[in-house]
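Asks: Note that the sequence shown covers residues 1 to 302 in our numbering. Pasting a structure here, questions to come.
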Amino acid sequence: MIDLRSDTVTRPTRGMLEAMFRAEVGDDVLGDDPTVRRLEEATSEFLGQEAALFTPSGTMANQLALKTWTQPGDEVIADRWSHTYIHEVAAGAALSGLSFWPLETADGVLEAEAVEGAIRPTDIHQPVTRIVAVENTHNLAGGTCYTVAQLAALRELTRRRGLVLHMDGARLCNAAVATGVKSSDYGRLCDSVTLCLSKGLGCPVGSMLAGSRDFIERARRYRKMFGGGMRQAGYLAAAGLYALEHHVARLADDHANARRLAEGIAGIPGLDVDMARVQTNMVYFTFADGAGMAEQVMKAAA
């Protein structure tokens with residue numbers, strides 16, 4: 001059986017494992033792991049930013065960004081079903097004392113007009129709006145992508161209103177491959193951006209956080225505070241370097257396979273697929289008759 005639960009259940013290729021085996025390592029907490037430094041330099045260029053930081057997970061990368069940009073009591077505007085809001089165990093509240101203003105969207109994409117309407121007025125009774133957080137691609141919306149125009153409109157708004165624009169780019173490579181927009185062209189429109197190496201790219205662990213040099217140096221201190229300081233992390237960083245060089249273009253194969261799967265599911269009576277949302281490597285479907293069909297599928301799978 002092919003495991004299609006998630007693009008996180010991949011395994012390293014032989015070439016990636018060989019690169020990990022050959023990696024030159026040091027102590028990353030002390031700043032002397034050469035392979036980690038190479039990955040951070042390569043990723044900062046890949047994402048159109050000045051500097052980058054290697055972290056154990058996408059959740060930590062996002063939470064480091066929120067922590068570094070904010071003070072307790074600040075507010076984050078995000079999509080109602082975004083990973084940062086739904087799937088990070090309320091870390092923004094627990095670790096940084098933040099509140100969220102979740103907006104309903106049609107396809108996981110925040111539009112500038114709606115975001116501007118959610119920015120808090122200057123009022124001592126209300127939190128201070130500090131960050132607009134976008135997710136590209138958007139997981140629970142089915143892998144949908146931002147256009148450059150949509151992101152540029154948010155960039156203009158956040159600069160005009162003195163806000164931070166953060167991108168959860170866990171699957172940014174998927175968006176870049178699907179739209180033909182370079183990851184750096186997406187990334188340079190944001191104040192900070194993350195990239196997950198273990199989603200779709202095949203690495204066993206690891207995510208990147210990128211931004212200005214000053215921002216990354218402040219985030220590095222919080223990484224240590226959050227328990228994300230790793231020692232001979234170059235073995236893991238080598239996997240990331242290999243993935244950026246060899247696995248990004250192959251995401252197009254994932255997208256083609258997802259489209260083929262979606263078309264097949266759409267042809268099954270009782271199953272519904274919104275083909276407009278099958279833009280990258282995800283396929284979500286619903287049961288037309290509710291629980292009845294779902295029970296039949298579960299029995300067949302068992």
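Note that beta-carbon positions come from the ideal geometry of N, C-alpha and C, so glycine has one too. All values derive from a computational prediction rather than experimental measurement.
My output table needs one value for Leu103: the three-state DSSP class, helix, strand or coil.
Replies: Leu103: strand per DSSP, three-state reduction.
Asks: Just to confirm, are Gly58 and Thr144 a CB contact at a threshold of 8 Å?
Replies: Taking 8 Å as the Cβ cut-off, Gly58 and Thr144 do not qualify as a contacting pair.
Asks: Whose C-alpha, out of Leu30, Leu157, Asp3, Thr55, is nearest the C-alpha of Gly240?
Replies: Ranking Leu30, Leu157, Asp3, Thr55 by Cα distance to Gly240 puts Thr55 first.
Asks: Please name the residue, chosen from Ile119, His246, Ala178, that lies closest to Val148 on a Cα-to-Cα basis.
Replies: Closest by alpha carbon: Ala178.
Asks: Is Ala78 helix, strand or coil by DSSP?
Replies: In the structure shown, Ala78 sits in a strand (DSSP, three-state: E or B).
Asks: Taking the runs of the beta strand (DSSP E) that are 3 residues or longer, which of them lie wholly in the region 193-234?
Replies: Counting whole runs of 3 or more residues, the region 193-234 contains the beta strand (DSSP E) stretches 207-211.
Asks: Along the chain, where does the beta strand (DSSP E) containing Ala51 start, and where does it finish?
Replies: Start and end: 51-55.
Asks: Give the secondary structure of His138 by DSSP, where H, G and I count as helix, E and B as strand, and everything else as coil.
Replies: It is a strand residue.
Asks: Alpha carbon to alpha carbon, what distance is there between Glu116 and Leu157?
Replies: Each residue's Cα considered, the two are about 7 Å apart.
Asks: In the DSSP assignment, find the unbroken alpha helix (DSSP H) run with Asp254 in it and report its ends.
Replies: 251-266 is the span of the alpha helix (DSSP H), which, as asked, contains Asp254.
Asks: Could you tell me which whole beta strand (DSSP E) segments of length 3 or greater appear in the region 105-177?
Replies: Segments of the beta strand (DSSP E) lying fully in the region 105-177: 128-135, 164-168.
Asks: Applying the 10 Å Cβ sphere with the 16-neighbour rule, what's the burial state of Val89?
Replies: The residue in question, Val89, is exposed, as its Cβ has fewer than 16 Cβ neighbours within 10 Å.
Asks: Sort out for me which residues DSSP pairs Leu271 with in a bridge.
Replies: Looking at the DSSP assignment, Leu271 forms a beta bridge with Phe287.
Asks: Which of the three DSSP states, helix, strand or coil, is assigned to Val9?
Replies: Residue state, collapsed to three classes: coil.
Asks: Considering just the uninterrupted stretch of the alpha helix (DSSP H) at Met20, what are its terminal residues?
Replies: Note, Met20: alpha helix (DSSP H), 14-22.
Asks: Do you know how far the Cα of Leu244 is from the Cα of Asp28?
Replies: Their Cα atoms are separated by approximately 20 Å.
Asks: Check Leu236 in the structure and name its three-state DSSP category.
Replies: Leu236: helix per DSSP, three-state reduction.
Asks: Is it true that the CB of Leu64 sits closer than 8 Å to the CB of Leu98?
Replies: Against a cut-off of 8 Å, the Cβ pair of Leu64 and Leu98 comes out as no contact.
Asks: Between which two residues does the alpha helix (DSSP H) holding Gln279 run?
Replies: From DSSP, Gln279 is part of no alpha helix (DSSP H); its letter is neither H nor E.
Asks: Starting from Gly92, trace the alpha helix (DSSP H) in both directions and tell me its first and last residue.
Replies: Residues 91-96.
Asks: In this structure, how does DSSP classify Lys67 when only helix, strand and coil are distinguished?
Replies: In this structure, Lys67 counts as helix in the three-state DSSP scheme.
Asks: Which of helix, strand or coil does DSSP assign to Asp28?
Replies: Helix.
Asks: When you compare the CB positions of Leu236 and Gly200, do they come within less than 8 Å of one another, or not?
Replies: No; because the gap between Cβ atoms is not below 8 Å, this pair is not in contact.
Asks: So, Phe215 versus Ser192, is the Cβ gap smaller than 8 Å?
Replies: Their beta carbons are under 8 Å apart, which means Phe215 touches Ser192 by this criterion.
Asks: In terms of residue numbering, what span does the alpha helix (DSSP H) encompassing Glu40 cover?
Replies: Segment 34-46, the alpha helix (DSSP H) holding Glu40.
Asks: Counting Cβ pairs, one atom from each stretch, are 3 or more of them under 8 Å apart for the region 98-108 and the region 153-168?
Replies: Not touching, per the Cβ criterion.
Asks: So, does the region 275-286 touch the region 44-51, judging by three or more C-beta pairs under 8 Å?
Replies: With a cut-off of 8 Å, the region 44-51 and the region 275-286 do not count as touching, because too few Cβ pairs lie within range.
Asks: Given a threshold of 16 other Cβ atoms within 10 Å of its Cβ, counted over all protein chains shown, does Gln126 qualify as buried or as exposed?
Replies: Gln126 comes out exposed.
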